[in-house]
Structure formats: C-alpha cells, structure tokens
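Beneath this line is the structure, given in structure tokens, with notes to follow.
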C-alpha cells in the first residue's frame, strides 16, 4: 500500500487481471500455488486480486469455477471471478440461475472467453444476449480479453447492456485510435491496464475519460506485477486518480454487483 | 529491501545511474503515443530517475532516414546532457551511408548506429548491410539492432551470422529476440563476447530478467525502454522488481551502458 500525504487516502492495489492455479505452460518463474501468488503480490505491493482459476480458463469453466470458490475461501486477499458460458448447451445453468449461484458462492464478477482457442461461442447469439442481459440486470462486472473480441463487439455489447460494467483486459499500448471512440460511445466500458504502457497513455486517458475508466491489473502469474504497479505510481495524474485506478474503482464495481 | 526497489515502491525517482539504451522520438504512424516529444520524454526521465536516453526518430525508422536523423539531431541539441543520438542507416541508400555517418558524428551528439531490418526490409546479414558493419568497425561504434524471434531479417540466425562475421562490432540485440527468443539471445550473448542484450519489451514474463542474469550474468544486459512507445516506469520496474542483487540491478540500469557508450 502506498501512503499519500496528510489527508489523502492511501493507494491500495487490487488486481483486476489475475489467475490462480497451475497453468498448462507456466513461465519458469511463475507462481504455481496460492501461496506463491500471494508472495508475488507481496513483492510488488499488491493487496488483493480478483482471480479466475486456471482450470476455468484452460479446462472447463464449471470445473475451475468450483476450484476458485475453494481457493478464495482459504485466501481472503483473493476474490473469485467465474468464467461463464451462454446457456446454449446446458453446460451451465440458465443465466438467471447462474447469477443466483454466483451470489450464493460469494462471486461478484465474471469473465467471458468466447474465442476459438478457449470456449468458442458467439457473443452475438440470442443465448449470449440472454446471459449478458442477466449480468446487466445485476450490474455484474464482466471481463473480456481484447484478444477474444473486437472493439466493435465491445461497443455493441456495452450499448446493448448499458448497466453492464464491461472490463476489457490486455488492451496493450497501441490501442488509443481504436479504444478512444468506444470509451466515448459507451460509459460502461473500462480498460484494464496491465499492458497499457504507452508513454503518457494513462495520463491522457484519465484526463480525457476520467480515472474511473481504467483498472489496475497485472496479468499474474505470467507477467511481472511490478510493471503495472509502476505504471500507476509514476503516472502524471492526481493522487486520487491513482487511488481509483489502483483499486478503488474495482472495489466499487464489485460492491455494486446486485447479487 | 533493495534501495532502488524501495524508491520505486514509493513512486520516487530511483537514485542510481540509469542509462536507457533504447529509445525513439516523435510521432508514430501505427498508433498514438501521447508523450513523444523530446521535452515530454525528458520530463518522464526526470519522474523516474533516468539520466541518459539513446534515441532514434520514428521518421528515420519508418520513412526517410536522413530527415529523421535531422529530428534526432535537433532533440539532442536541445537536451545535450540527457539524450544521445543513434544514427539510423538505411542500406537501400548505399551511396549515402558513409556521408550520413560523417555528418552526424562531426556534428556531435551521436554515439551509436541503429538498424531496423523489419521496418526497412533488409537482412542484417545481407550484402547490402556489409558497408554499415565495416563503417561501425572502422569507427568503433556500437550498433543497436531490432532483433525479433523468427524473423528472417533479424532473428537468431541472422544475428548469429553478423556477430560471427564482425567480431569487432559491439552488437546490441534490441528486445533480446522477443517475443520468444530469450534463450537464443542468451546463447548468442554467451557465445559472442561483443554481443549485448537489452530489456526493451512490451510484456515481461515474470522472472525473465532474473533468468537472463542466471544464464549470462548481469554484465551484458542493458536497460532499454523503447520509449516513447512504452513508458519508462514499467520498463524500469522489470529490472528493479527482479529477484536479483542490487549490484546486478545497477549494472543493468546504467553501469554496463556507461562502459559501452563511454559516458
């Protein structure tokens, strides 16, 4: 936690982009257990993390979603995020039941992985719309990797579901020309900044769209978390903006989920 | 706790000699970079604690190398204590290479050559590049090359052939054969005494810097940011947060570059 000057609330880092559990192809130094993950977070000064389970991403989401509930029960600095599917095939409960189950499990965010390399489903289907409508109705923060969608699709979903906090992961440093129109068009779109590292990019984004549109994330366990921490701490933005980006906005979004 | 790590955790400029061996300058055609001017980059250097930055202009890399080197010269003239120019040479203009080097080196403020085989579409080991390597050898100039895993122009094989053919040229592998060629980059640095690696990459696998130090030691690794594509704070953090000794960090952050560039 980084202290502010007198009267300022301290900056507390809450990671919006983190995976717990063993990866199929772990980088040599990647933490492979919750203890290791917390060690990496401690080294970088990250207080909390919203985590998907590796099995939710790499294996079947229903399997990993059970695991993540067990993990976060044992490690209170971790908050669970489920990876979800539309109801098309019956592999997951109907959306209305799914959000009820989330509430019962203490899970307050979801991630969608629609790409061919992951869970392979169309975001434009009626079933996906039904899922997104249920999430929208409960204001459930919904994460999606930019590599699994497109800015056009992000804008379409955000406009169709205006109460859905839509968080785009892995935006990279080359996105301003394509991301800015979407940020202008849809206020419920937010960017996770683990790789949003262009020179002055976070400052410009905060000045133009407000600090509430950017969320700290690390990409742990694959990536060095200190890089994302430094992106926030050294940004030329006010202390309060850093506090919001670092974790306060994510905390508010999770609390705002009506589950 | 490491001194520099404590400074970064507090968001303060790091208090050690930092030389950034890999930077650029100016507007970029592919994407928007807010803080791309020399003044804006020097302000970012101040915020983070960087003493010197080696730059080459985007105009030189993407289009006209002479016009771009003019931009670099103007920036170096404006900040002579903070910026060092890299002369971009384009082998598609063989008749202009020696004269361009003469002009920049006579003017001052330039201390290395920069080559970008991917953007300008030439092989590092091509015949067209031979005059550049000979000039670098004759003048004792380090050469920073864009190196990229799997690239026929600047992948491990091309870099290896150049390093073998020109053992007297200090060759810096920009990006260390990213995104997947760290092993090859370390092998080349271990094999060739005159090959150096730099740390400029947009995404850093956790433990990557420590892995490089384990394999080749800290002496041949140079801090580089790729600024202004990438902000220097997260780039610096990858070294400062690495699980290596403070002494190793100081070598990577500045000590090695001081020796290489003769600051």
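Protein chains in written order, with the numbering used here: chain A, 730 to 988; chain B, 33 to 295.
Note that beta-carbon positions come from the ideal geometry of N, C-alpha and C, so glycine has one too.
A quick note: this is a predicted structure, and the numbers were derived from the prediction, not measured.
(message) Taking contact to mean 3 or more Cβ pairs, one atom from each stretch, closer than 8 angstroms, check whether the stretch 925 to 935 of chain A and the stretch 240 to 254 of chain B are in contact.
(response) no
(message) Contact criterion: CB-CB distance below 9 angstroms. Does residue 773 of chain A meet it with respect to chain B?
(response) yes
(request) Please report how far the alpha carbon of residue 288 of chain B lies from the alpha carbon of residue 252 of chain B, in whole angstroms. (result) 7 angstroms
(request) Provide the residue span of the beta strand (DSSP E) that contains residue 907 of chain A, from first to last. (result) It is not in any beta strand (DSSP E) - residue 907 of chain A instead sits in the alpha helix (DSSP H) that spans 905 to 914.
(message) Can you tell me whether residue 857 of chain A is buried or exposed? The criterion is at least 16 other CB atoms within 10 Å of its CB, across all chains shown.
(response) buried
(request) Look at residue 952 of chain A and residue 920 of chain A and say whether their C-beta atoms are less than 9 angstroms apart. (result) no
(message) Please tell me whether residue 175 of chain B has its Cβ less than 9 angstroms away from any Cβ of chain A.
(response) no
(message) Relative to the C-alpha of residue 852 of chain A, which candidate in A/838, A/830, A/987 and A/817 has its C-alpha closest?
(response) A/817
(request) Show which residues of chain A have a CB atom less than 9 angstroms away from the CB atom of residue 261 of chain B. (result) 902, 903, 926, 927 and 928
(message) Bridge partners for residue 963 of chain A per DSSP, in chain order?
(response) None, per the DSSP bridge assignment.
(request) For residue 789 of chain A, name the three-state secondary structure that DSSP assigns. (result) coil
(message) Nearest by alpha-carbon distance to residue 139 of chain B: which of B/126, B/275 and B/116 is it?
(response) B/116
(request) Would you mind working out which of B/104, B/209, B/181 and B/216 sits nearest residue 145 of chain B, comparing C-alpha positions? (result) B/104
(request) Go through its chain and collect everything with a Cβ distance to residue 265 of chain B's Cβ below 6 angstroms, but skip five positions before and after it. (result) 80
(message) Can you check which of these residues, B/132, B/70, B/76 and B/214, is closest to residue 109 of chain B by C-alpha distance?
(response) B/70
(request) Report yes if the C-beta distance between residue 958 of chain A and residue 925 of chain A is below 9 angstroms; otherwise report no. (result) no
(request) For residue 180 of chain B, name the three-state secondary structure that DSSP assigns. (result) strand
(request) Spell out the partners DSSP gives residue 228 of chain B in its beta bridges. (result) B/204
(message) Are the CB atoms of residue 809 of chain A and residue 788 of chain A within a distance shorter than 9 angstroms?
(response) no
(request) With 9 angstroms as the threshold, decide whether the Cβ of residue 781 of chain A is near any Cβ in chain B. (result) no
(request) Tell me, please, whether the CB atom of residue 956 of chain A is closer than 9 angstroms to any CB atom in chain B? (result) yes
(message) Which same chain residues end up closer than 6 angstroms to residue 147 of chain B when comparing Cβ atoms and leaving out the 5 residues on each side of it in sequence?
(response) 177
(request) Under 7 angstroms between beta-carbons, which chain B residues line up against residue 877 of chain A? List them in chain order, please. (result) Going along chain B, no residue has its Cβ under 7 angstroms from residue 877 of chain A, so there is no contact; the nearest lies around 17 angstroms.
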